[in-house]
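Protein chains in written order, with my numbering: chain A, 1 to 120; chain B, 1 to 116. Data first, discussion second: the structure below is written as structure tokens.
See the structure below:
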């Protein structure tokens, strides 16, 4: 498919377990974002990559959260020692443009379907 | 700190009616204001977006009204249809000159139900 693909769609983890969530962005998209969406809330920014560089990780809630995008395409969000408060839908989004665009181009972000993480 | 506030939390309208959702923002550096539509089990999808150099943008049945001085913007859905039933999120970002990507700040969401 041509869209953003996330896997797994659902993940149940026992408290204290480590999890890894995968995002396949749209081919050629420079920017990649991770968002966390709690039940009944709007998505909240976690981190941003331009190609393989993680330029903003200010939204990561703790040092248990780690993200990487080693080759500038697929990204993985890893959560260590999961806690119940980590239960949420994790959304990945990609967009064509990166930083340095001074023109008012369409910077539409395309979202994946998300991974619903439940920590029990 | 909630930088984008959205209301109402839920909205019920009859088929053919007008749905209106409002948002207010705090950061005057925001220069891109999209609305996203989200169906259950799906990711948000861009519906319509506006930049602050215009006061209104219309695409089909969807219109954004933007009031820069009041730091408010709203989504109007004309001739609402049952298929429009979804959760709507307003958002804002800094697009031009941003050095760390156009990260979106979302509102809390409005659950719209259009009755047949």
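Each residue gets a CB set at the ideal place from its N, CA and C atoms; glycine is no exception.
Status (buried if at least 16 other CB within 10 Å, exposed otherwise) for residue i
i	result
residue 25 of chain A	buried
residue 10 of chain B	exposed
residue 89 of chain A	buried
residue 25 of chain B	buried
residue 60 of chain A	buried
residue 8 of chain B	exposed
residue 30 of chain B	buried
residue 39 of chain A	exposed
residue 18 of chain B	exposed
residue 49 of chain B	buried
residue 33 of chain A	buried
residue 84 of chain A	exposed
residue 58 of chain A	exposed
residue 91 of chain B	buried
residue 105 of chain B	buried
Alpha-carbon spacing of residue i relative to residue j, whole angstroms
i	j	result
residue 44 of chain B	residue 29 of chain A	18 Å
residue 13 of chain B	residue 114 of chain B	5 Å
residue 21 of chain A	residue 52 of chain A	17 Å
residue 71 of chain B	residue 42 of chain B	30 Å
residue 59 of chain B	residue 77 of chain B	10 Å
residue 108 of chain A	residue 31 of chain A	11 Å
residue 79 of chain B	residue 112 of chain B	14 Å
residue 57 of chain B	residue 33 of chain B	11 Å
residue 20 of chain B	residue 108 of chain B	15 Å
residue 94 of chain A	residue 43 of chain A	14 Å
residue 111 of chain A	residue 67 of chain B	28 Å
residue 94 of chain B	residue 16 of chain B	35 Å
residue 73 of chain B	residue 51 of chain B	11 Å
residue 115 of chain A	residue 5 of chain A	10 Å
residue 27 of chain B	residue 4 of chain B	9 Å
residue 46 of chain A	residue 91 of chain A	10 Å
residue 69 of chain A	residue 79 of chain A	15 Å
residue 87 of chain B	residue 15 of chain A	30 Å
residue 85 of chain B	residue 119 of chain A	30 Å
Residue interval of the beta strand (DSSP E) (run including residue i)
i	result
residue 7 of chain A	5-7
residue 68 of chain A	65-68
residue 113 of chain B	110-115
residue 42 of chain B	Element bounds for residue 42 of chain B: n/a, residue is neither H nor E.
residue 28 of chain B	Residue 28 of chain B -> no beta strand (DSSP E), and no H or E assigned at all.
residue 60 of chain A	Neither: residue 60 of chain A is in no beta strand (DSSP E) and is coded neither H nor E.
residue 86 of chain B	86-92
residue 116 of chain A	115-119
residue 94 of chain A	88-95
residue 11 of chain B	10-14
residue 76 of chain A	75-79
residue 13 of chain A	10-13
residue 7 of chain B	4-7
Restricting to runs no shorter than 3 residues, where is the beta strand (DSSP E) found entirely within the stretch 44-74 of chain B?
45-50, 56-59, 62-67
Under 9 Å, CB to CB, which of the residues in the stretch 25-59 of chain B have a partner in chain A?
31, 32, 34, 36, 38, 41, 42, 43, 44, 45, 46, 49, 51, 53
Quick one, which residues of the stretch 49-66 of chain A are near chain B if we go by CB-CB under 9 Å, in chain order?
49, 50, 55, 56, 58, 59
In chain order, which continuous runs of the beta strand (DSSP E) of length 3 or greater are located wholly inside the stretch 18-57 of chain A?
19-24, 31-37, 44-50, 53-56
Contact list for the stretch 72-85 of chain B against chain A, Cβ threshold 7 Å
none
What are the residues in the stretch 70-83 of chain A lying within 9 Å of chain B by C-beta distance?
none
Against chain B: residues of the stretch 17-29 of chain A by CB proximity under 8 Å:
Correct list: empty, as no residue qualifies.
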